[in-house]
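Q: What follows is a structure written as structure tokens; I'll ask about it next.
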């Protein structure tokens, strides 16, 4: 007797198979991220063409010589659109495909944060800032000069030369809101969850997320401070089981680095002129951070298992 040909697997069965395999979920998320990067490149080219820019690479090269500066705000708009495609869009697509029934809970954004606990998290990050600055200085000193991403730093320095309120608002939108929201949703909301499910260890998940977060900035001179910050953001999520905590803290941290150069230009500096924070200040900063961090952990003790439990979803 001839056997009937087997039916191809349905879309639902494929999705269910992916749901049962954390490795496949991670691969799917990376594929979505790559596709969104391609879309971001296409959108960037389209915006550039509308603005009369024929060659983005040539434009960025010209910035270093003081040319084409009239297009600096166009580059900011392109960066905003690109960042949204690269970080927020793959998160949305992944949640729609894999977790369509519980998107907010999976992302840990289904509850508003307690204002006192949120304020405490902000103080925690403020306390570690001098230590982060100390680490940043020594990171720049310990790597070869030719390893520094100087082109990226040059463009960032140009963007930070804010003359008008429009310049300030665009920078707050780009470096503060869009970067903070997109990176937290991408790294802590999805990638950390997938790393944790794959390794079955929240600490290894946090470590891998912090490493990835720092590496993906492609700036070796800032690897160590970004790694430390990434780790802190990861543990704020683990302790609170609320992504809004790390989102708000990240946005405020980035926004401060925009507001300070705008209102106090003398504090803005290039990598060539940055000075080290005194060692005793860095030590005080670290000890204060440790005390505040454990205070933050203590006030969240009743919620300490929520992040662990949510990994099963």
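Numbering (my numbering), first residue to last: 13 to 325.
Cβ coordinates follow ideal geometry from the N, Cα and C atoms, glycine included.
Residues in the same chain with beta-carbon distance under 8 Å from residue 135, minus the five sequence neighbours each way, listed in chain order, please.
A: 304, listed in sequence order.
Q: Measuring CB atoms only, is the segment 90-108 touching the segment 40-54, in the sense that at least three cross pairs come out at less than 8 Å?
A: Segments in contact, yes.
Q: Are the Cβ atoms of residue 86 and residue 63 separated by less than 8 Å?
A: Yes, the Cβ-Cβ distance between residue 86 and residue 63 is below 8 Å.
Q: Residue 147 and residue 236 - do their beta-carbons sit closer together than 8 Å?
A: Their beta carbons are under 8 Å apart, which means residue 236 touches residue 147 by this criterion.
Q: Residue 299 to residue 82, Cα distance in whole Å?
A: Approximately 46 Å, taken between the alpha carbons.
Q: Secondary structure at residue 88, three-state DSSP: helix, strand or coil?
A: It is helical.
Q: What is the DSSP secondary structure of residue 183, reduced to helix, strand or coil?
A: Helix.
Q: Can you check the segment 145-226 for any alpha helix (DSSP H) of at least 4 residues that lies completely inside it and give the ranges in chain order?
A: Taking only runs of at least 4 residues, the alpha helix (DSSP H) segments lying wholly in the segment 145-226 are 162-171, 177-183, 191-195 and 204-211.
Q: Since residue 125 and residue 256 are thought to touch, with beta carbons under 8 Å apart, how far apart are those beta carbons, to the nearest angstrom?
A: So it is a contact: roughly 5 Å between Cβ atoms.
Q: Can you tell me where the alpha helix (DSSP H) with residue 117 in it begins and where it stops?
A: Taken as a continuous stretch (DSSP letters only), the alpha helix (DSSP H) holding residue 117 covers 115-118.
Q: Residue 38 and residue 210 - do their beta-carbons sit closer together than 8 Å?
A: Yes; because the gap between Cβ atoms is below 8 Å, this pair is in contact.
Q: For a quick check, are the C-beta atoms of residue 76 and residue 171 less than 8 Å apart?
A: It is not a contact, given that the beta carbons lie outside the stated cut-off.
Q: Using only alpha-carbon positions, find the residue among 137, 152, 233 and 207 that is nearest to residue 307.
A: The option with the nearest alpha carbon to residue 307 is 137.
Q: Within the continuous alpha helix (DSSP H) that includes residue 299, where are the two ends?
A: Here the alpha helix (DSSP H) through residue 299 covers 291-311.
Q: How would you label residue 153, buried or exposed, when you count the other beta carbons within 10 angstroms and need 16 or more for buried?
A: Exposed is the call here.
Q: Does the beta-carbon distance from residue 207 to residue 217 come in below 8 Å?
A: Cβ atoms of residue 207 and residue 217: closer than 8 Å.
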